[in-house]
Each structure stands twice: as structure tokens, then as C-alpha cells.
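Student: So the protein sequences, as listed, match chains A and B.
Using the working numbering, the letters of the first sequence map in sequence onto residues 1 to 282.
Using the working numbering, the letters of the second sequence map in sequence onto residues 1001 to 1300.
For each residue, glycine too, the CB sits at the ideal point set by N, CA and C.
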Amino acid sequence: MAELLIEDLSVTYPTPTGPVQVVKSLSLQMGAERIGIVGESGSGKSMTARAVLGLVRSPGTTTARRMAYDGIDLMRQDAAGWRAIRGRRIGMVLQDPKFSLNPVQRIGRQIAEAGLLHRVFSRGQARARVLEMLETVGVDQPGRVYEAYPHQLSGGIGQRVMIAAMMIAEPGLLIADEPTSALDVMVRGQVLEMMDREIRRRGMGLLMISHDLKMVAHFCDRVLVMYQGRVVESCSAGDLFKSRHPYTRGLLNCLPTGEHPGQPLPTIDRALIQEEAMRHGA
Amino acid sequence: MTIQLRRDWWLSDAPESALQARCGRFYRMGLRALRSPAMVFGLAIIALLVLAAIFAPWLAPADPNAQDISQRLLPPGAAHWLGTDQLGRDLLSRVIYGARPTLMIVSLVALLAAPAGLLLGMCAGYFGGWIEAVLMRITDIFMAFPRLVLALALVAVLGPGIVNAVIAIAITAWPPYARVARAESRTVKGSDFIQAARVQGLPTGRILFGHLLPICLPSTVIRVTLDMAGIILTAAGLGFLGLGAQPPMSEWGAMISTGRQYIFDQWWVAAVPGVAILLASLAFNLVGDGLRDVLDPKNG
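Okay, here's the thing in C-alpha cells:
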């Protein structure tokens, strides 16, 4: 079984006041399971995902004691090596389908592209494979969507198309960077359920990045909570709501409930987290 | 679904097929173009030019190179509608034949310069860093020279002639296209769908030509139509200085140049090709301008 192994991953950016670590010695080991990474904006969730795919742009630098997927060393890849991994071994679903589909290309061609590139199927089979894939991701009229341009699709269908495009080359691991935050609440659940079903059926791994604690708790096996580039808590999804860590508690307290309507939501007490961190460090 | 000739089919608000919708869009675009008299005028002149170039042997009343010294420098009249030049050649025929080198230069320059500029600009915008710095500084150097002066220098090196004139003008014409394409690809480069293409493992060449090119193309095409007039003027300028088409080929710039000697007594020798250049460049300007309005979705 393909396994993603990360030991001591750091991503560093130089600034005029010295280097800043946006991901600090993150370690992770995952097989065909579903792991959620949660945290506030700027906590390093997305950067972790980008580092796994070698997409940290200069001047940022990635360092790790070890980072490997299925025995492939992700720290020693040249451009050609990365092209063979991206899409084929590890796929990534981006946030907003409005921007992540090329506006001047038909959907069918965009989905087929990665499959043809990685020689998963031949040019002659492409149409049938894409239509089949569109049906799998729950598109009602695959023939129509195949011929359509991105602006003719709704957000929900667009994100299904994105997922289809990322799964067509049959990667073993899917990274989803806030896959539903651009969708409205009704569609969100449907898309997630479809994605969950397909990932289970294919025995894939899922690394889901989100700020939605409830969603992650519902769809993932394990949850990593990140704060300021560091993993502050790692627990099974079922235990997330029982967490005692002040940051996780803070995040949970910020969720609106119907219990005290009209009350302002609490904010996170950063001094408390610092204190906790100091205690842990000592 | 077949195309029908009924007007309401073309203008239907509820098209029954994608083909009908597309036909309707072009029909509406055509109607919008026809509402602008300037564009109709420009289109008519360009059509006339193209027809003149294609059917020159049948349209011209006389052989453009047939000399008749006894008939030299005749004013416009019944025998020679636009008069004759210093060698007794029929000016109308020479103007009609002159459409050929002009159109040839314009289309060849567009075919050479636009793809070159597009490619360089796209690469500069996409790769950034030192590649962009080097390519754009080269572009700046080319743009720092007045166009005609640079073309002159190039023709001086390459030798006079119509092919060399095309090469020289093409070398001076690409920088604006490179700038347009660079701006466009810089804005698109950061967008998520380029990111998505990279995440799927697409090689750089496929991202450039498959995803970036179709987006950079429209603005470059419009820029080219607006540049046509400038190309005509540069070509005529080279002809006037004796560095473009060589005699006895009839080329408008060269014709003005010979007419210059007689400009005070026999004005028509220089005026006839001059008017032809004026009309041709005006027509291309009007059409370029009109095209931009028609293609602009804000201009309903």
C-alpha cells in the first residue's frame, strides 16, 4: 500500500527581518486513510500540501529529514520526476472551480489531458473514459458537460469536474485544498459525499485541508490541528470535539451554535496558547 | 439542424442548437459592424484592394510597365484616366498593380512578426526572472529606435528588395506584440488553472501552447489589425527611399519617389500613389478600430 511519509518538514521564506518558517518540523505518516488538516488562515495548511507536491515557489525553501511517497523520495526530484508524480501518483483539487478550469477550453479536453499525458488511456479511448468519469462524479448529463465551457457550469458541477480531472490519471493520494469553500452549503455536502465514496472505492488516501472543523471531523479518520506552522494536536476525528488543547478548544468555541443566540462569538485567546506552548516546550 | 435564410432564425432569442446560437452571434456582430459607416467604408476599400491585387491583369487598362515616350506626363484624361508618368506608363494600371506588393508586405509581416512577438512575450511573462529581464530589455532596445530608421539600417545590411523589406519591417514590428503577450501571460500565469495544469504534471510546453496561447491570442490579433496601417506606411517609406521594391515593379512608395521630380508641374504623378497609400492605411485603421468595438463585449 502506498504510504506518504513526512519527517521534520519545514518551509522557510526569507524576509528582510530574517527567515520565517511557515511550516515548522511537521511529521506525518499516512496510508490509504483520510486525514484532515485544520487551522486558521496562515497556519501553514496549504503550504504543507504544496510542499508535498514540490510547488513551493522560490524564494521559499523546503527542507525535511525525509519526505517520500510509495518509496519515491520527494526531496530529490527534478522537473521530469515531478511531472511523473503530479497527477499520476498524487493529485490535488484546488479551492475554486471558477478559477481552476481553463476558461477557453472545453471540459472534456481538460479532463482527458492528464490521462493522455500519463498514458493511462489512448486518444481513442479518451472520450469514453471521460464520460464514464463524469458519470462517476455524479454529473447528470455527461455528454452535455463534455462539450461545455467552464463558464457554462455551476459551481457544484465545476468542482465535480475538477475532481474528475484529478482522478482520471488514477493517483493513489488526493490532496484537497479547501475543496468546498467556494460552494454553497447545499452543494457542499453532496460533493463531499461523492468524493468520499470514490476515495473509499478506489482505496486512495486523502489529505483534506480545511478550516471547517465539523466537516473534517465527519469525513476524515484523523485530524491534525495546525497553529503558526506547527502541528499542535493530532487526534482521531471522533476525539476532536473532546480535545483539551487550548487552540483547538478556541476554534471549537468559535463555531456558532443555537444555544446562546444574539451573543458575540468568542475569539481565540492567544496568550493562553502561548502559555500552553511554553509549558509543553519546557 | 441546418442553416436557414430566414431573418428570425438568425436573430432568434431561443436558439435550438449551438450552431444556431453561434450563427446568431456572428450575424449580430455583422449587423453591429454594418451600423458603423466608418467600418463599412474601411471594409469596402480593403475589399477593393484585395480584388485589385488578385484581378490586376484583368482590371488594369494597360500593361503597367509598357513605356511610350510620346505619351509621357499626360494629365488625367479620357485615354489615361489617371494620367501617365515620365516614361509614358499608365498610372491607373500601376496603382492597381501596386496593391500587390503592398498587401504582400502587410500579410507577410503580420505572419512573421505576430507569432514571433507572441512567443517571446509569452515566454517572458510565464518564466519571469532573468529570462523575462533579458527578453524584455531586448524588446526595449528595439522599441527605442524609430521604426523606419531601424528598418532602413536593416535593409542597408540585407540589401534592397521586397523580401528584405519584409524581413526588415518584421524585425521592427514584433516588440509591441511581445509587450501585449507578456502582460497577458503575466496575469494568467498566477491563475489557478495554470496551477491545476502543473499539479496534473503537464510539461511546460503544453502549458504554454495549450493553456496560455489561446488566452494571449485575441489581444495580439487586435493589436496586429491596428498596426497594419503603420506597416503600409513603413513599406511605402522604404519604397520611397529606393530600398523596397525595385524598378520597374510598380510600388506606391517608389512611384511617389519618381513623381517627386515633377511635383510642381505634373502633380498627378506623385498624388495618385499618394492617395492610394492614404486610402489603404486609413481603411486598415478604420477596420482595426471598428473590429475592436465589435469584439468588445461591453459595447452592446
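#1: Could you pull the DSSP bridge partners for residue 1016(B) from this structure?
#2: Please identify the residue among 1097(B), 1275(B) and 1109(B) whose C-alpha is closest to the C-alpha of residue 1319(B).
#3: Have a look at residue 1102(B) and residue 111(A) and give me their C-alpha separation to the nearest angstrom.
#4: Judging by CA-CA distance, which residue of 1219(B), 1280(B) and 1272(B) is the nearest neighbour of residue 1118(B)?
#5: Which value, in whole angstroms, describes the spacing of the CA atoms of residue 1225(B) and residue 1169(B)?
#6: Rounded to the nearest angstrom, what separates residue 236(A) and residue 38(A) at their Cα positions?
#7: Which residue's Cα is closest to the Cα of residue 119(A): 171(A), 50(A) and 78(A)?
#8: Near residue 1248(B), what residues of its chain come up, given a Cβ to Cβ distance below 7 Å and the 5 sequence neighbours on each side ignored?
#9: Of the residues that make up the segment 1185-1215 of chain B, which ones have a beta carbon closer than 9 Å to any beta carbon in chain A?
#10: Evaluate residue 1023(B) with the Cβ neighbour count: other Cβ atoms within 10 Å of its Cβ, from every protein chain shown; 16 or more gives buried, anything less gives exposed.
#11: Are the C-beta of residue 35(A) and some C-beta of chain B separated by less than 9 Å?
#12: Thinking just about the alpha-carbon of each residue, which of 1036(B), 1014(B) and 1012(B) is nearest to the one in residue 1293(B)?
#13: Quick check: residue 1291(B) and residue 1222(B), are their CB atoms within less than 9 Å of each other?
#14: How about residue 1105(B) and residue 1166(B): are their beta carbons less than 9 Å apart?
#15: Would you check if there are 3 or more beta carbon pairs closer than 8 Å linking the segment 1179-1192 of chain B to the segment 1126-1146 of chain B?
#16: Ignore the nearest five residues each way along the sequence and tell me which others in residue 1243(B)'s own chain have a CB closer than 6 Å to its CB.
#17: Using a Cβ-Cβ cutoff of less than 6 Å, which residues in the same chain neighbour residue 1136(B) once the five nearest sequence positions on both sides are dropped?
#18: Measuring straight from C-alpha to C-alpha, what distance separates residue 1046(B) and residue 1276(B)?
#19: Which of helix, strand or coil does DSSP assign to residue 175(A)?
#20: Does DSSP classify residue 21(A) as helix, strand or coil?
#21: Output the boundary residues of the beta strand (DSSP E) element that contains residue 68(A).
#22: Between which two residues does the alpha helix (DSSP H) carrying residue 1216(B) extend?
#23: Restricting to Cα atoms, I'd like to know which of 153(A), 126(A) and 185(A) is closest to residue 139(A).
#24: Anyone know if the C-beta pair for residue 1289(B) and residue 1029(B) falls short of 9 Å?
#25: Take residue 1085(B) and list the residues in its own chain whose beta-carbon comes closer than 8 Å to its own, dropping the five residues that flank it on each side.
#26: Can you list, in chain order, the residues of its chain whose CB lies under 8 Å from that of residue 103(A), leaving out five sequence neighbours each side?
#27: From what residue to what residue does the beta strand (DSSP E) around residue 227(A) run?
#28: Taking 9 Å as the CB-CB limit, is residue 1018(B) close to chain A?
#29: Can you tell me whether residue 186(A) is buried or exposed, with buried defined as 16 or more other CB within 10 angstroms of its CB?
#30: Just to check my reading of the structure: residue 229(A) and residue 44(A) have Cβ atoms closer than 8 Å, yes? What is that Cβ distance to the nearest angstrom?
#31: Determine, for residue 221(A), whether the minimum Cβ-Cβ distance to residues of chain B falls below 9 Å.
#32: Mind checking who residue 12(A) pairs with in its DSSP beta bridge?
#33: Please work out which residues of its chain come closer than 7 Å, Cβ to Cβ, to residue 1281(B), disregarding the five sequence neighbours upstream and downstream, and give them in chain order.
#34: Please name the residue, chosen from 1265(B), 1196(B) and 1250(B), that lies closest to residue 53(A) on a Cα-to-Cα basis.
#35: Taking buried to mean at least 16 other C-beta atoms within 10 Å of its own C-beta, is residue 29(A) buried or exposed?
#36: Indicate the three-state DSSP secondary structure (helix, strand or coil) for residue 54(A) in the structure shown.
Tutor: The answer reads as follows:
#1: As a first step, residue 1016(B) must be located in the second sequence, where it is residue number 16. Beta-bridge pairing links residue 1016(B) to no other residue.
#2: Coverage of chain B is limited to positions 1001 through 1300, which leaves residue 1319(B) absent and any answer about it impossible.
#3: The residue you call residue 1102(B) lines up with position 102 of the second sequence. The residue you call residue 111(A) lines up with position 111 of the first sequence. Whole-angstrom Cα-Cα distance: 46 Å.
#4: Sequence index remark: in the second sequence, residue 1118(B) carries index 118 (1-based). Of the candidates 1219(B), 1280(B) and 1272(B), the one whose C-alpha sits nearest the C-alpha of residue 1118(B) is 1219(B).
#5: Here residue 1225(B) refers to the residue found at position 225 when the second sequence is read from its first residue. Here residue 1169(B) refers to the residue found at position 169 when the second sequence is read from its first residue. Each residue's alpha carbon lies about 15 Å from the other.
#6: Counting from 1 along the first sequence, the entry for residue 236(A) is found at position 236. Counting from 1 along the first sequence, the entry for residue 38(A) is found at position 38. Between residue 236(A) and residue 38(A), the C-alpha separation is close to 13 Å.
#7: Mapped onto the first sequence, residue 119(A) falls at position 119. Residue 171(A) is the option with its Cα nearest to residue 119(A).
#8: The residue you call residue 1248(B) lines up with position 248 of the second sequence. Excluding positions up to five away in sequence, the list reads 1065.
#9: 1191, 1192, 1193, 1194, 1195, 1196, 1197, 1198, 1199, 1200, 1201, 1202, 1203, 1204, 1206, 1210, 1211, 1214 and 1215
#10: Translated into the one-based positions of the second sequence, residue 1023(B) becomes position 23. With 16 or more other Cβ atoms within 10 Å, it is buried.
#11: Taking the first residue of the first sequence as position 1, residue 35(A) is located at position 35. For residue 35(A), the answer is no, since every Cβ of chain B falls outside 9 Å of its Cβ.
#12: The count along the second sequence starts at 1 and reaches residue 1293(B) at position 293. Residue 1293(B) has its Cα closest to that of 1036(B), out of 1036(B), 1014(B) and 1012(B).
#13: Working through the second sequence from its first residue, we reach residue 1291(B) at position 291. Working through the second sequence from its first residue, we reach residue 1222(B) at position 222. Going by C-beta atoms, residue 1291(B) is nearer than 9 Å to residue 1222(B).
#14: By one-based count along the second sequence, residue 1105(B) stands at place 105. By one-based count along the second sequence, residue 1166(B) stands at place 166. Yes, the pair counts as a contact, with Cβ atoms nearer than the cut-off.
#15: yes
#16: On the second sequence, position 243 is the one that residue 1243(B) refers to. Once the five neighbours on either side are set aside, the close Cβ partners of residue 1243(B) are 1155 and 1160.
#17: What you label residue 1136(B) is simply residue 136 of the second sequence in a count that begins at 1. Cβ neighbours of residue 1136(B) beyond the five flanking positions: 1124.
#18: Indexing the second sequence from 1 puts residue 1046(B) at position 46. Indexing the second sequence from 1 puts residue 1276(B) at position 276. Taking the straight line from one Cα to the other gives about 11 Å.
#19: Taking the first sequence and counting its residues from 1, one reaches residue 175(A) at position 175. Here residue 175(A) sits in strand by DSSP.
#20: Position 21 of the first sequence, counted from the first residue, corresponds to residue 21(A). Residue 21(A): strand per DSSP, three-state reduction.
#21: To locate residue 68(A), count along the first sequence from 1; it is residue 68. Residue 68(A) -> beta strand (DSSP E) spans 66-69.
#22: If you number the second sequence from 1, residue 1216(B) lands on position 216. It spans 1213-1240 - the alpha helix (DSSP H) in which residue 1216(B) sits, taken as one unbroken run.
#23: In the first sequence, the residue the question calls residue 139(A) occupies position 139. Among 153(A), 126(A) and 185(A), the Cα nearest to that of residue 139(A) belongs to 153(A).
#24: Indexing the second sequence from 1 puts residue 1289(B) at position 289. Indexing the second sequence from 1 puts residue 1029(B) at position 29. Their beta carbons are not under 9 Å apart, which means residue 1289(B) does not touch residue 1029(B) by this criterion.
#25: One-based indexing of the second sequence puts residue 1085(B) at position 85. The residues are 1072, 1073, 1091, 1094, 1255, 1258, 1259 and 1269.
#26: As a position in the first sequence, residue 103(A) is number 103, starting the count at 1. Excluding positions up to five away in sequence, the list reads 149, 150 and 151.
#27: The count along the first sequence starts at 1 and reaches residue 227(A) at position 227. Residues 222-227.
#28: Counting from 1 along the second sequence, the entry for residue 1018(B) is found at position 18. Chain A contact via Cβ: present.
#29: As a first step, residue 186(A) is located in the first sequence; it is residue number 186 there, counting from the start. Exposed, because fewer than 16 other Cβ atoms sit within 10 Å of the Cβ of residue 186(A).
#30: Here the question's residue 229(A) lines up with position 229 in the first sequence. Here the question's residue 44(A) lines up with position 44 in the first sequence. Contact flag correct, Cβ pair sits at about 4 Å.
#31: Counted from its first residue, the first sequence places residue 221(A) at position 221. No, no contact with chain B.
#32: Your numbering for residue 12(A) matches position 12 in the first sequence. In the DSSP output, where bridge partners are listed per residue, residue 12(A) has 21(A) and 61(A).
#33: Within the second sequence, numbered from 1, the residue matching residue 1281(B) stands at position 281. Around residue 1281(B): 1229, 1232 and 1233.
#34: As a first step, residue 53(A) is located in the first sequence; it is residue number 53 there, counting from the start. Of the candidates 1265(B), 1196(B) and 1250(B), the one whose C-alpha sits nearest the C-alpha of residue 53(A) is 1196(B).
#35: The sequence position of residue 29(A) within the first sequence is 29, counting from 1. It counts as exposed.
#36: As a position in the first sequence, residue 54(A) is number 54, starting the count at 1. Residue 54(A): coil per DSSP, three-state reduction.
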